[in-house]
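For the sequence shown, the positions run 63 to 363 when the working numbering is used.
Positions of the beta carbon are idealized from the N, C-alpha and C atoms, including for glycine.
These numbers were taken from a predicted model, which means no experiment stands behind them.
Data block below; observations after.
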Amino acid sequence: MSVHPLDQRIVAVRPIAVPAPGRSVELRVKVTAPLSGRDLPVIVFSHGNAWSLDGYGPLVDRWAAAGFVVVQPTHLDSRRNGIGWEDPRFAGIWRVRIADLHAVLDHLDGILRQVDGLEDRVDRGRVAVVGHSWGAQTAGTVLGARVLDADGVPGEDFSHPAVTAGALIAATGTGDTLTPFAVEHLPFMRPDYSTMTAPTLVVAGGKDRSRLSSRGPDWFTDAYHLAPSPKSLLAVAEGEHTMGGVAGEAVAETTDEDPARVALVADAISAYLLDALKVDGTAWTTFAATATDGTWSVSGK
63 MSVHPLDQRI
73 VAVRPIAVPA
83 PGRSVELRVK
93 VTAPLSGRDL
103 PVIVFSHGNA
113 WSLDGYGPLV
123 DRWAAAGFVV
133 VQPTHLDSRR
143 NGIGWEDPRF
153 AGIWRVRIAD
163 LHAVLDHLDG
173 ILRQVDGLED
183 RVDRGRVAVV
193 GHSWGAQTAG
203 TVLGARVLDA
213 DGVPGEDFSH
223 PAVTAGALIA
233 ATGTGDTLTP
243 FAVEHLPFMR
253 PDYSTMTAPT
263 LVVAGGKDRS
273 RLSSRGPDWF
283 TDAYHLAPSP
293 KSLLAVAEGE
303 HTMGGVAGEA
313 VAETTDEDPA
323 RVALVADAIS
333 AYLLDALKVD
343 GTAWTTFAAT
353 ATDGTWSVSG
363 K
């Protein structure tokens, strides 16, 4: 399977409702998939703060063209739901986000049935989770990371048995250097990566400086350094938090617009997951061997 067959035709279906009892807003997803191919692996994608199933087209379309079925839920913090910092529901959104991914994974068959002809072309044994920013922390918990409470005690295990690999883009680092704003509004950003055992690619930008931490860009490499192997790190020297515009073209929050950088991130994740999900055992080593211009590098453990 080619990592980036850009001539591959894809199809997207939205919205699809997913059972999520007790959720204050209906859980909806978008499915993007190649029109051809069988035994397709699955990516369940968790968006960053305020986004929705309609974002991240530059990543999702490229993954679908590479042979993945991508399922994107809209989390409660989406702008379209209007739940701000002061809303009493906000404090629990991090848990609802995790529950959203579990609902998608638990009802994957029902979701796939909503896309004509797709259900019989998917390999249920090859499922990954990917996330960006807050979505990366959400995805990380499904891969085995836990959330520390104020006393440093790890919370419950949110891992899901259907997930065997993942990728985290601009993932939250440890919580010991949170800024006062983050402590007040985002106290759950205290990940414990020591239990994140699933094979995972961590994507970090060399110029990603967060107002949530007093540390610099190395904060976003904690998921790689503090988690047990096997892990890989894609370090993008000039990358900022949006990695060139992963959420979409000409998006206002993008500070480092660069379509080539977005393509790099997308193709790196495709190659890594094709390898980790045992679809193509040469994809990742072949991709890593192309790191020759000094703008990005790959590490592994």
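Asked                                                                                                               : Found
Coil, strand or helix - proline 279 by DSSP                                                                         : helix
Exposed unless 16 or more other CB atoms sit within 10 angstroms - verdict on phenylalanine 349                     : buried
Sequence-distant residues of the same chain with beta carbon closer than 7 Å to arginine 85, five excluded per side : Val158
Closest residue to valine 204 among Ser256, Ser359, Asp238 and Val225 (Cα-Cα distance)                              : Val225
Collapsed DSSP secondary structure at alanine 44 in the structure displayed                                         : Given a span of 63 to 363 for the chain in the structure shown, any question on residue 44 remains unanswerable.
Proximal residues to threonine 8 (C-beta, below 6 Å), its chain only, five neighbours per side dropped              : The first residue shown for the chain is 63 and the last is 363, placing residue 8 beyond what the model contains.
Length of the line joining the Cα atoms of isoleucine 231 and tryptophan 196                                        : 9 Å
Proximity to leucine 163 [Cα-Cα], best of Ala112, Ala82 and Ala153                                                  : Ala82
Pairwise C-alpha distance: alanine 338 and alanine 345                                                              : 9 Å
Given 8 Å, three or more beta-carbon pairs between the stretch 235 to 248 and the stretch 318 to 325                : no
Other residues of its chain near proline 77: CB distance less than 6 Å, five sequence neighbours each side excluded : Arg90
Closest residue to tryptophan 125 among Arg273, Thr304, Ala229 and Lys269 (Cα-Cα distance)                          : Ala229
Beta-carbon proximity of phenylalanine 107 to valine 192, cut-off 8 Å                                               : yes
Cβ contact (3+ pairs, closer than 8 Å) linking the stretch 300 to 309 and the stretch 266 to 273                    : yes
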